[in-house]
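Trainee: Shown below is the structure under consideration.
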Amino acid sequence: MNVFAVLDQAAARHGDRGAVFLGETQLHSWAQLRERVLRLATSLKSLGDRGTRIAVASENRPEIVELMFAIWAAECVFVPINYKLHPREMADILADSGATQVFASANIAGELRLDVPVAVIGGPDYDRWFDSAPASPPATDPAALAWLFYTSGTTGKSKGAMLSHRNLMAMTVAHLADFDDPDENCSLIHGAPMSHGSGLYIPPYVLRGARQVIPASAAFEPDEFLDLCGHHPGSSAFLAPTMVQRLIQTGRPRPENLKTVVYGGGPMYVDSLKKALDAYGPIFVQLYGQGEAPMTITGLRRHDHVVAIDTADDATLGSVGYPRSGVEVAVLGSGGLPAAVGEIGEIVCRGDVVMSGYWNNPTATAATLKDGWLHTGDMGSFDDRGYLTLRDRSKDVVISGGSNIYPREVEEALLEHPDVVEAGVVGAPDPDWGEVVVAFVVATNGAPVDPAALDAHLLERIARFKRPKRYEFIDALPKNSYGKVLKRELRDRLSS
Ligand code: AMP
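Residues 1 to 496 (the UniProt record's numbering) make up the sequence shown, in order.
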């Protein structure tokens, strides 16, 4: 099956209904979208054989939906590039993927200096791509490559996870089985980048004929986002945890139409989650995934949140839930054997969502896919109910005097202090201890907090040896374009 089929089916059932919206304005019905996609597919086929990589570098724009499905209908490979990347990083991805054509928004096209042809999305020549006769719907091997997903590169250079049509369909089915049940009276509001999480969720919502709504600002503006959620029926969205916090900070009530917010892709601290649940009620669902197993390793459903709040069960709220439908998850302890309950080890998973490897990178593939298991690089432990708690990426664990210290635990505890807005904990090299814990703290109103007060606060919550040896007060934590804290940069600050 080719993922194009989900659009074909939506167009058959809901042809006249609205499919793609820019803000509140309908651009295309499902039948119109299908027609545009198949015309564009004919033009794309002239660029090369099956498997040709075609890159899309743009802020969130409605055209991304037609480009994505046309690339699949042409049996080519979708290579989205995050619009916030530096032109040099974009050039690296284009070179690595070997893309033969780029579709870029006007802002980005002006910055790219490449040999690869660039078509400006929505530019004067864009409509010509739709002049050809419609292609026939494709018959594709489900194992064929559909999406090269470039990882966010928080721990090194970005790598292209190879996702097949089968991987994307497994993700689609798991999303509909576990998290959300949209129909043609529902809408997916694209707040997060469509090059990544929000774009991955397009297939499940298209399959059900739910509207694709792209904010006119092409960005995440909390007020605009809430207005759109109020305007469109049955709204769902994928948001990074930091975006959820920004919504809540508006102080606005939940729009009645906003039914589901899936958060994930980075840690949601318990304190922030409780505030979000308190403000908006039980609309939240958590995913734990990575580009290598897109959006789908474990999850916490809305009902789990409700029960956890009712029973004051912070352990569940601080967990990433349990394995998603169709996915096996294990934690490997010492010696690579399955860990005991409560024992921390590397999280591995397998199932139809797991990538086939990294593009052009057999060394990284061999280090990551072993005996059919994806080694996530994340550390975690299962409890006796089968709920997984994520600790940190293995590279972020601090080893001090032979003891493992998981930064997230220290960060969670620091965030409970009323004067702490953000906290990022890393290890600093130390001649006596190997590493010591250092906490970077963003304080309320920017005023430093008395380290002794923070120490006293932590001593009531965590073991003495986990306490930071030093606090560094900064204005904001360095984050990448997905809002993930760049621990590497924090560590670099300590060594510079
Ligand atoms: P990426 O492939 O760029 O989406 O990054 C995936 C990584 O983000 C995972 O390996 C985790 O380290 C982290 N991550 C994803 N989901 C969660 C979550 N729900 N809680 C904490 N960290 C997460």
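Beta carbons are placed, not taken as given, at the ideal position from N, Cα and C, and that holds for glycine.
(1) Starting from the C-beta of L33, find all residues in its chain whose C-beta is less than 8 Å away, skip the five residues before and the five after it, and write them out in chain order.
(2) Is the region 162-171 touching the region 135-142 in the sense that three or more CB pairs, one from each, lie closer than 8 Å?
(3) Using C-beta distances below 7 Å, list every residue in its chain close to S356, excluding the 5 sequence neighbours before and after it, in chain order.
(4) Could you work out which residue in S394, E224 and V341 is closest to G377 when comparing CA atoms only?
(5) Could you check if Q212 is buried or exposed, using at least 16 other CB atoms within 10 Å of its CB as the buried criterion?
(6) Under 8 Å, with one C-beta from each stretch per pair, do the region 122-132 and the region 39-47 reach the 3-pair mark?
(7) On the CB-based measure, 16 or more other CB atoms within 10 Å of its CB, does V262 come out buried or exposed?
(8) Return yes when the Cβ of G326 is within less than 9 Å of the Cβ of G351, no when it is not.
(9) Beta carbon of K487, beta carbon of V436: below 9 Å?
(10) Under the assumption that N60 contacts P215 (Cβ atoms under 8 Å), give the Cβ distance between them as a whole number of angstroms.
(11) Report whether the distance from the Cβ of E292 to the nearest heavy atom of the ligand AMP is below 8 Å.
(12) When you measure from the CB of D378 to every non-hydrogen atom of the ligand AMP, does any distance come out below 8 Å?
(13) Please list the terminal residues of the continuous alpha helix (DSSP H) segment that includes H28.
(14) State the start and end residues of the unbroken alpha helix (DSSP H) segment that holds residue 530.
(15) Counting along the chain, where does the alpha helix (DSSP H) carrying M194 start and finish?
(16) Taking the continuous alpha helix (DSSP H) assigned at D392, which residues delimit it?
(17) Between the C-alpha atoms of V397 and L390, what's the straight-line distance to the nearest angstrom?
(18) Using a threshold of 8 Å, is the CB atom of G357 nearer than that to any non-hydrogen atom of the ligand AMP?
(19) Can you give, in chain order, each stretch of the beta strand (DSSP E) that sits fully within the region 119-152 and has at least 3 residues?
(20) What residue range is occupied by the uninterrupted alpha helix (DSSP H) comprising G230?
(21) If you compare alpha carbons, which of R254, D16 and G266 is closest to Y280?
(22) Considering just the uninterrupted stretch of the alpha helix (DSSP H) at F4, what are its terminal residues?
(23) Is the beta carbon of V102 less than 9 Å from the beta carbon of V37?
(24) So, at 7 Å on beta carbons, what are the nonlocal neighbours of Q9 in its own chain, with the 5 sequence-adjacent residues on each side left out?
(25) Quick one: residues in its chain with C-beta nearer than 7 Å to the C-beta of G197, no 5 flanking neighbours on either side, listed in chain order?
(26) Assuming A413 and L494 are in contact, meaning their beta carbons sit under 8 Å apart, how far apart are those beta carbons, in whole angstroms?
(27) Out of Y482, L477, S46 and S481, which has the shortest C-alpha to C-alpha gap to D492?
(28) Within the same chain, show all residues whose beta-carbon is closer than 8 Å to that of G434, passing over the 5 residues directly before and after it, in chain order.
(29) Under 9 Å, do L369 and S272 count as touching if we go by C-beta distance?
(30) How big is the Cα-Cα spacing for M90 and D455?
(31) What would DSSP say about I474, mapped onto helix, strand or coil?
(32) Using only alpha-carbon positions, find the residue among D180, S381, N404 and G160 that is nearest to I344.
(33) T151: beta carbon under 8 Å from a heavy atom of the ligand MG?
(34) Can you find the residues in the same chain that come closer than 6 Å, C-beta to C-beta, to G386, ignoring five residues on each side of it along the sequence?
(35) How long is the line joining the alpha carbons of A192 and A240, rounded to whole angstroms?
(36) Only counting the same chain, and skipping five residues up and downstream in sequence, which positions put a Cβ closer than 7 Å to that of G15?
Mentor: Here's the rundown:
(1) Residue 33 sits at position 33 when you count from the first residue of the sequence shown. Taken in chain order, the residues that qualify are L7, A11, A19, V20, V65, E66 and F69.
(2) yes
(3) In the sequence shown, the residue the question calls residue 356 occupies position 356. Contacts found: M162 and S164.
(4) Within the sequence shown, the letter at position 377 stands for residue 377. Minimum Cα distance to G377 is reached at S394.
(5) Counting from one through the sequence shown, the residue named residue 212 turns up at place 212. So Q212 counts as buried.
(6) yes
(7) The residue you call residue 262 lines up with position 262 of the sequence shown. Classification of V262: buried, given that the 10 Å Cβ count is 16 or more.
(8) Along the sequence shown, read from residue 1 onward, the residue named residue 351 stands at position 351. Along the sequence shown, read from residue 1 onward, the residue named residue 326 stands at position 326. It is a contact, given that the beta carbons lie within the stated cut-off.
(9) Within the sequence shown, residue 487 is the residue found at index 487, counting from 1. Within the sequence shown, residue 436 is the residue found at index 436, counting from 1. For K487 and V436, no; Cβs fall outside 9 Å.
(10) The count along the sequence shown starts at 1 and reaches residue 60 at position 60. The count along the sequence shown starts at 1 and reaches residue 215 at position 215. Rounded, the Cβ-Cβ distance is 7 Å, consistent with contact.
(11) As a working mapping, residue 292 is identified with position 292 in the sequence shown. Yes, Cβ of E292 sits closer than 8 Å to a heavy atom of the ligand AMP.
(12) Position 378 of the sequence shown, counted from the first residue, corresponds to residue 378. D378 Cβ: within cutoff of the ligand AMP.
(13) Here residue 28 corresponds to residue number 28 of the sequence shown, with the count starting at 1. Here H28 belongs to no alpha helix (DSSP H); instead the beta strand (DSSP E) covers T25 to S29.
(14) Any property of residue 530 remains undetermined from this structure, which presents the chain solely from 1 to 496.
(15) The residue you call residue 194 lines up with position 194 of the sequence shown. No alpha helix (DSSP H) holds M194; DSSP gives it neither H nor E.
(16) One-based indexing of the sequence shown puts residue 392 at position 392. Taken as a continuous stretch (DSSP letters only), D392 belongs to no alpha helix (DSSP H), being part of the beta strand (DSSP E) at L388 to R393.
(17) Position 397 of the sequence shown, counted from the first residue, corresponds to residue 397. Position 390 of the sequence shown, counted from the first residue, corresponds to residue 390. Roughly 12 Å between the two C-alpha positions.
(18) Position 357 of the sequence shown, counting from 1, holds the residue named residue 357. No; taking the cut-off as 8 Å, the Cβ of G357 has no heavy atom of the ligand AMP nearer than that.
(19) 145-150
(20) Sequence index remark: in the sequence shown, residue 230 carries index 230 (1-based). Here the alpha helix (DSSP H) through G230 covers P222 to H231.
(21) On the sequence shown, residue 280 is found 280 positions in, with the first residue counted as 1. Measuring from the Cα of Y280, the nearest candidate turns out to be R254.
(22) Along the sequence shown, read from residue 1 onward, the residue named residue 4 stands at position 4. First-last of the alpha helix (DSSP H) with F4: F4 to H14.
(23) Translated into the one-based positions of the sequence shown, residue 102 becomes position 102. Translated into the one-based positions of the sequence shown, residue 37 becomes position 37. Result no, Cβ atoms of V102 and V37 do not sit closer than 9 Å.
(24) Numbered from its first residue, the sequence shown carries residue 9 at position 9. Once the five neighbours on either side are set aside, the close Cβ partners of Q9 are L207.
(25) Taking the sequence shown and counting its residues from 1, the one referred to as residue 197 is at position 197. The residues are F238, G265 and M295.
(26) Translated into the one-based positions of the sequence shown, residue 413 becomes position 413. Translated into the one-based positions of the sequence shown, residue 494 becomes position 494. The pair is not a contact, with the Cβ atoms about 21 Å apart (cut-off 8 Å).
(27) Working through the sequence shown from its first residue, we reach residue 492 at position 492. Out of Y482, L477, S46 and S481, L477 has the C-alpha closest to the C-alpha of D492.
(28) Working through the sequence shown from its first residue, we reach residue 434 at position 434. Excluding positions up to five away in sequence, the list reads I399, S400, G401 and G402.
(29) Here residue 369 corresponds to residue number 369 of the sequence shown, with the count starting at 1. Here residue 272 corresponds to residue number 272 of the sequence shown, with the count starting at 1. Going by C-beta atoms, L369 is not nearer than 9 Å to S272.
(30) Here residue 90 refers to the residue found at position 90 when the sequence shown is read from its first residue. Here residue 455 refers to the residue found at position 455 when the sequence shown is read from its first residue. One C-alpha to the other measures close to 43 Å.
(31) Mapped onto the sequence shown, residue 474 falls at position 474. In this structure, I474 counts as coil in the three-state DSSP scheme.
(32) Within the sequence shown, numbered from 1, the residue matching residue 344 stands at position 344. Out of D180, S381, N404 and G160, S381 has the C-alpha closest to the C-alpha of I344.
(33) Here the bound small molecules are the ligand AMP; the ligand MG is not part of this structure.
(34) Stepping through the sequence shown from its first residue, residue 386 is reached at position 386. Once the five neighbours on either side are set aside, the close Cβ partners of G386 are Y322.
(35) Counting from 1 along the sequence shown, the entry for residue 192 is found at position 192. Counting from 1 along the sequence shown, the entry for residue 240 is found at position 240. Roughly 7 Å separates the two Cα atoms.
(36) Position 15 of the sequence shown, counting from 1, holds the residue named residue 15. Hits under 7 Å: S29, W30 and A31.
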